[in-house]
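Student:
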Amino acid sequence: MAEINCKCITPYSFKAVTDLNSSSLEWAWAKILGGVYDQETQVEMEQLFNDRDCLEEMRFPPLHRLVLGLDKSSLEEHLVNSRGQVDSVDGSGRTALSWAAQRGMTYAVTTLLRYGANPNINTPNGHSPLMFASEARNPDSIRPLLGAGANVAQYDVEGQTALHYAAGHWDDLAYYEPLVEYGSDVNWPTIPRLTPLTTVIIEGHNKAMKYLVANGADVNMKGHDGRSPGFYAVEYNNHAAIQFLQDSGVDFRGYNAYLLLSSPGRC
1 MAEINCKCIT PYSFKAVTDL NSSSLEWAWA KILGGVYDQE TQVEMEQLFN DRDCLEEMRF
61 PPLHRLVLGL DKSSLEEHLV NSRGQVDSVD GSGRTALSWA AQRGMTYAVT TLLRYGANPN
121 INTPNGHSPL MFASEARNPD SIRPLLGAGA NVAQYDVEGQ TALHYAAGHW DDLAYYEPLV
181 EYGSDVNWPT IPRLTPLTTV IIEGHNKAMK YLVANGADVN MKGHDGRSPG FYAVEYNNHA
241 AIQFLQDSGV DFRGYNAYLL LSSPGRC
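Position one of the sequence shown corresponds to residue 1 (UniProt numbering), numbered consecutively onward.
See the structure below:
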């Protein structure tokens, strides 16, 4: 089995939680079906959580079962015969489009959109298909969703937009460029006032950091507790970010040492 590494936990989560009331088993299957693991881990997780009763409890409509690979029939043939069901939701309030987006299934995403799928049906916690696409293992579903009218400004219960989801997962600009081109606010703060810039600095996504700053991200924007992007660069030992922020005019002399010692990210 793959080794699990213990590491410091970042102060806030950037994962799309399907339902805050879900059991651990349901959450495990949501991640398995969402395609978030590499192939080896995927197989291991399926073996660990081999519980078909749980799948039944997730109440997947026929269209969802096709997208999730639980039914091997033709997706397009099903849509031709059941066009009115394209926006049906499962037991957690998710559409087939949101699952296809999370799994990085570009063909399924474009096919569903062509048959009228609504890109702005969100889960009860505010998670949109665009958010799921922004954390997927490939970025190819982002532009089709935006082109179909996906709301780039939609935020979840924690105040995270799709740009935060990209920031929390990837350093590939193919995730960021379409979101910014379609008007995503690079300075949008979450409820604890973490911006996409703060997030990429915490995660060490330094190509994305430079891209966001070049597109208007505020290098001095602070959270409610006074912590700025520069603070997190120091706290998470992101030396490249420290140098870049210094070159961008950030003054590190005013930082409060107490904040560093009390940071939730420090192990």
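Virtual Cβ for every residue (Gly too), placed ideally from N, Cα, C.
Can you give the Cα-Cα distance for Val180 and Leu130, rounded to whole angstroms?
Tutor: Whole-angstrom Cα-Cα distance: 13 Å.
Student: Who are the Cβ neighbours of Val157 in its own chain at under 6 Å, not counting the five residues just before and after it?
Tutor: These residues qualify, in order along the chain: Asn125, Gly126.
Student: Quick one: Cα of His205 to Cα of Met105, how far?
Tutor: Going from the Cα of His205 to the Cα of Met105 covers about 24 Å.
Student: Between which two residues does the alpha helix (DSSP H) holding Thr110 run?
Tutor: 106–114 is the extent of the alpha helix (DSSP H) around Thr110.
Student: Can you give the Cα-Cα distance for residue 346 and Tyr176, rounded to whole angstroms?
Tutor: Any question about residue 346 goes unanswered here, given that the chain covers just 1 to 267.
Student: My understanding is that Phe132 touches Gln102, with C-beta atoms under 8 Å, so please give their C-beta distance in whole angstroms.
Tutor: Phe132 to Gln102, Cβ: 4 Å. Contact.
Student: With DSSP as the reference, please indicate the residues paired to Val89 in a beta bridge.
Tutor: Val89 pairs with Thr95.
Student: Would you grab the beta carbon distance between Ala241 and Ile201 for me? Rounded to a whole angstrom, and I think it's under 8 Å.
Tutor: With a Cβ gap of about 5 Å, Ala241 and Ile201 count as contacting.
Student: As a quick exercise: from His224, Tyr236, Val213, Tyr232, pick the residue whose alpha carbon is nearest that of Gly249.
Tutor: Measuring from the Cα of Gly249, the nearest candidate turns out to be Val213.
Student: Residues in the same chain with beta-carbon distance under 6 Å from Leu48, minus the five sequence neighbours each way, listed in chain order, please.
Tutor: Reliability of the predicted coordinates at Leu48 is poor, the pLDDT of 47 falling under 50, and the value obtained from them is presented with this limitation in mind. So no residue of the chain qualifies.
Student: At 4 residues or longer, and completely inside the region 128–171: list those alpha helix (DSSP H) runs for me, N to C.
Tutor: Whole alpha helix (DSSP H) segments, 4+ residues: 129–134, 142–147, 162–167.
Student: Would the beta-carbon of Glu76 fall within 8 Å of that of Thr110?
Tutor: Going by C-beta atoms, Glu76 is not nearer than 8 Å to Thr110.
Student: Alpha carbon to alpha carbon, how far is Tyr236 from Gly168? Give it in angstroms, no decimals.
Tutor: Each residue's alpha carbon lies about 14 Å from the other.
Student: Out of Tyr182, Phe252, Arg193, state which residue places its alpha-carbon closest to the alpha-carbon of Leu146.
Tutor: The candidate whose alpha carbon is nearest that of Leu146 is Tyr182.
Student: Three-state secondary structure (DSSP) at Phe60?
Tutor: In this structure, Phe60 counts as coil in the three-state DSSP scheme.
Student: Given a cut-off of 8 Å on the beta-carbon distance, is the pair His164 and Thr199 in contact?
Tutor: Cβ distance < 8 Å, so His164 and Thr199 count as in contact.
Student: Is the beta carbon of Asn118 less than 8 Å from the beta carbon of Ser128?
Tutor: No.
Student: Use the C-beta contact count for Phe252: other C-beta atoms within 10 angstroms, 16 or more gives buried, fewer gives exposed.
Tutor: So Phe252 counts as exposed.
Student: Classify Ala162 as buried or exposed, calling it buried when 16 or more other Cβ atoms lie within 10 Å of its own Cβ.
Tutor: It is buried - the Cβ of Ala162 has at least 16 other Cβ atoms within 10 Å.
Student: Put Val234 into one of helix, strand or coil per three-state DSSP.
Tutor: Val234 falls in the helix class under three-state DSSP.
Student: Do Ala208 and Leu173 have their beta-carbon atoms positioned less than 8 Å apart in this structure?
Tutor: For Leu173 and Ala208, yes; Cβs fall inside 8 Å.
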